[in-house]
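Comments concern the structure below.
Structure representation (structure tokens):
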């Protein structure tokens with residue numbers, strides 16, 4: 358392939374979706390990923406109906422749905438009273454392009470995006486590529502990376518960093534990453550158990566200060582994602598024993614389940630001081646990180662990707678001024694600060710942190726009323742729509 362115009366650092370879902378968006382617009386792109394393959398640890402898996410138009414525009418929604426499945430039922434589960442306050446995304450019929458969410462592990466979304474990206478001759482994905490240095494001048498960016506143990510030099514017009522919260526590109530750019538780190542450790546587990554038999558919806562927020570969390574069906578079998586939290590000061594090596602204790606409190610006495618996989622991780626509410634430093638651009642977790650309650654982490658990264666790939670391709674084609682990339686930075690950072698982070702924090706507070714039963718009942722009463730009123734239900738369920746940024750070029754963009 359010819360020399361890349363853009364180097365994307367990070368082959369997670371945001372990186373590969375960004376690369377695909379660029380390739381579809383005729384941009385030569387190289388993706389560098391430090392891991393040997395797409396990372397398979399349990400992470401995000403819920404795609405709100407608001408992000409689906411962007412996946413459709415990329416030409417991958419059909420394959421995403423084939424790999425995953427549609428979900429229309431959501432619930433807030435009051436663990437103390439064993440009550441589900443249920444919502445049906447069918448209320449969006451005739452009001453939004455899609456009246457359902459899609460469930461699919463983020464590694465599987467990355468698989469789909471990678472398969473489509475490899476169909477473009479001017480695209481390349483290099484695994485086992487550890488970026489060690491990034492420098493820029495007025496005309497280009499130079500990237501050094503160890504690839505299979507050998508130092509290689511790359512050069513491009515722009516670099517897009519999507520390699521997570523510890524982004525080396527963001528560090529090289531000298532951009533701060535301000536915010537807070539939650540005192541809890543989050544534990545994402547994949548388990549086999551028939552949660553539907555207990556009255557859970559396919560996507561459920563469990564409201565309880567002890568066993569609160571997110572429970573969502575991963576696939577068409579009884580594989581479910583259960584994400585909860587614990588005190589981060591507890592020893593990491595004894596996480597498995599505490600997983601058993603957590604499920605003993607969550608499930609009926611004597612219930613048997615299979616733990617398939619688990620992944621502990623620290624969670625933050627942080628954002629970079631800017632999503633642009635010259636020819637270096639940030640998207641996804643390299644730009645901002647949030648707790649997972651409400652599914653707004655990857656959602657925000659995908660909205661970044663839709664806007665950035667369109668704007669950057671236009672700059673490279675000469676149909677837009679480079680200042681549009683400053684607008685990308687400003688708009689997407691504001692979206693995180695004004696909506697994504699506060700909304701995710703509200704969800705976390707409800708699910709984990711509210712110990713005052715009167716406050717819980719007050720919130721649940723609002724949700725019960727909304728569940729029986731279609732317009733109120735639509736307002737409650739428009740979780741991702743306010744997080745969108747319309748096209749910066751005046752076209753369909755991420756608002757299609």
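In our numbering, the protein residues as written are 358 to 757.
Built from N, CA and C at the ideal position, the CB exists for glycine as well.
If you're wondering where the values come from, they're calculated on a predicted model, not measured in any experiment.
Through-space distance from residue j to residue i, alpha-carbon basis
i	j	result
residue 585	residue 359	46 Å
residue 753	residue 378	Unreliable placement is indicated for residue 753, whose pLDDT of 42 sits below 50; the coordinate value is still reported in the next sentence. Roughly 14 Å separates the two Cα atoms.
residue 486	residue 517	15 Å
residue 711	residue 562	14 Å
residue 426	residue 664	26 Å
residue 678	residue 438	57 Å
residue 819	residue 478	Outside the modelled stretch of the chain, which goes from 358 to 757, sits residue 819, for which no answer is possible.
residue 474	residue 534	30 Å
residue 564	residue 723	14 Å
residue 755	residue 683	Note on residue 755: pLDDT 43, under 50, position unreliable in the model; no value is reported.
residue 484	residue 370	14 Å
residue 526	residue 714	45 Å
residue 499	residue 675	22 Å
residue 700	residue 725	19 Å
residue 670	residue 638	13 Å
residue 666	residue 514	14 Å
residue 745	residue 657	8 Å
residue 743	residue 668	20 Å
residue 747	residue 408	12 Å
residue 476	residue 381	10 Å
residue 608	residue 596	18 Å
residue 593	residue 493	40 Å
Contact set for residue i: own chain, Cβ-Cβ below 7 Å, skip 5 residues either direction
i	result
residue 464	395, 396, 397
residue 589	540, 541, 542, 623
residue 731	448
residue 373	388, 467, 470, 471, 474
residue 734	444, 448, 727, 728
residue 709	566, 569, 586
residue 552	572, 581
residue 457	406, 427, 428, 429, 446
residue 424	461, 465, 469
residue 707	564, 720
residue 422	459
residue 412	418, 421
residue 530	634, 637
residue 489	501, 502, 503
residue 760	Absent from the structure is residue 760, since the part of the chain shown begins at 358 and ends at 757.
Beta bridge counterpart(s) of residue i as assigned by DSSP
i	result
residue 584	545, 571
residue 536	627
residue 621	544
residue 513	498
residue 615	549
residue 427	459
residue 492	499
residue 483	389
residue 598	Partner(s): none; residue 598 has no beta bridge.
Of the residues the options, the one placed nearest residue i, counting alpha carbons only
i	options	result
residue 636	497, 456, 401	497
residue 522	703, 642, 723	642
residue 495	388, 482, 512, 507	512
residue 391	520, 373, 545, 738	520
residue 631	525, 435, 685, 544	685
residue 681	509, 690, 749	749
residue 546	675, 621, 423	621
residue 716	404, 435, 419, 384	435
residue 651	740, 595, 600	740
residue 617	476, 600, 610	600
residue 538	593, 594, 648	648
C-beta atoms of residue i and residue j nearer than 9 Å
i	j	result
residue 661	residue 640	yes
residue 693	residue 623	no
residue 367	residue 388	yes
residue 760	residue 569	Outside the shown range of the chain, which is 358 to 757, sits residue 760, and nothing can be said about it.
residue 401	residue 697	no
residue 406	residue 453	yes
residue 619	residue 572	no
residue 603	residue 612	no
residue 574	residue 560	yes
residue 455	residue 659	no
residue 673	residue 384	yes
residue 524	residue 510	no
Close beta carbons around residue i, own chain, < 6 Å, minus the five adjacent residues each side
i	result
residue 576	none
residue 757	Residue placement at residue 757 is flagged as unreliable, the pLDDT there being 38, under the threshold of 50; the coordinate-derived value follows with that caveat. Around residue 757: 410, 414.
residue 591	none
residue 376	365, 386, 388, 474
residue 646	522, 625, 627
residue 644	629, 632
Close beta carbons around residue i, own chain, < 8 Å, minus the five adjacent residues each side
i	result
residue 443	430, 431, 432, 558, 728
residue 393	484, 485
residue 450	456
residue 688	664, 746, 749
C-beta neighbour in chain B for residue i, strict 9 Å
i	result
residue 550	Reference to chain B is not applicable here, since this structure consists of a single protein chain.
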